[in-house]
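Each remark here refers to the structure printed beneath this line.
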Amino acid sequence: MSNSETTKKYGLVVIIAVIVFGGYYNYYQTTQPVPPTELQVYVDVGNREFIEEYVAPIMLEEHNVLLFVEGATASENLAKVVAEKDNPVASVVQSGIQAFYQARAIGLVQEISMEDVPYIEDYPDSVRDPNNEYIPVTTNFFGMFYHSEVF
Numbered sequence: 001m002s003n004s005e006t007t008k009k010y011g012l013v014v015i016i017a018v019i020v021f022g023g024y025y026n027y028y029q030t031t032q033p034v035p036p037t038e039l040q041v042y043v044d045v046g047n048r049e050f051i052e053e054y055v056a057p058i059m060l061e062e063h064n065v066l067l068f069v070e071g072a073t074a075s076e077n078l079a080k081v082v083a084e085k086d087n088p089v090a091s092v093v094q095s096g097i098q099a100f101y102q103a104r105a106i107g108l109v110q111e112i113s114m115e116d117v118p119y120i121e122d123y124p125d126s127v128r129d130p131n132n133e134y135i136p137v138t139t140n141f142f143g144m145f146y147h148s149e150v151f
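Counting from 1, one number per residue, gives the positions in the sequence shown under UniProt numbering.
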């Protein structure tokens with residue numbers, strides 16, 4: 001076999017190897033699970049166990065969202081949010097209505113976009129915040145102090 005034929009054969013083997021490896025690598029990349037979106041959630045201390053036990057698994061399984069849940073009183077949650085004002089940590093804060101009004105008064109509340117939370121339109125006007133800044137949930141209110149780009 002001449003050097004030219006040997007070079008062609010090795011060249012062909014290298015090309016095939018690159019194609020096979022490239023295809024495998026592409027397949028490998030497309031079959032890897034997407035890492036979950038991580039959200040820090042401040043909740044009422046009495047609701048923490050319920051959220052960790054029931055809500056967090058559903059959020060992870062159905063929405064690929066991993067919740068990190070911290071429980072505290074509404075005033076403690078408000079104090080954390082005020083302290084983190086310039087560098088927010090929490091994406092969602094559960095709050096009593098009075099702490100929520102305090103947060104609104106100092107400019108910590110962002111309007112909830114109908115695109116981000118479309119079901120808010122289903123709430124009756126009698127319980128809906130006219131500014132779309134909180135979502136009523138039974139007797140509690142979820143004040144959404146959130147990073148728009150996360151949702």
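C-beta atoms are modelled at their ideal positions from N, C-alpha and C, and glycine is treated no differently. Nothing here was measured: the structure is a model prediction, and the numbers come from that model.
- Across the structure, L67 and R48 are spaced so that their CA atoms are roughly 11 Å apart.
- DSSP lists no bridge partner for D86.
- Here the C-alpha atom of G71 lies approximately 14 Å from the C-alpha atom of V55.
- A check of alpha carbon separations from E61 across S95, I97, P35 identifies P35 as the nearest.
- Spanning the alpha carbons of S75 and A99 requires a straight line of approximately 6 Å.
- With contacts defined as CB atoms closer than 8 Å, V81 and A105 fail to qualify as a contacting pair.
- One Cα belongs to G96, the other to Q32, and the distance between them is close to 41 Å.
- When C-alpha distances from L39 are compared across G46, V45, E52, the shortest belongs to E52.
- Cβ contact annotation for V45 (same chain, cutoff 7 Å, sequence separation greater than five): G71, A72, T73, in chain order.
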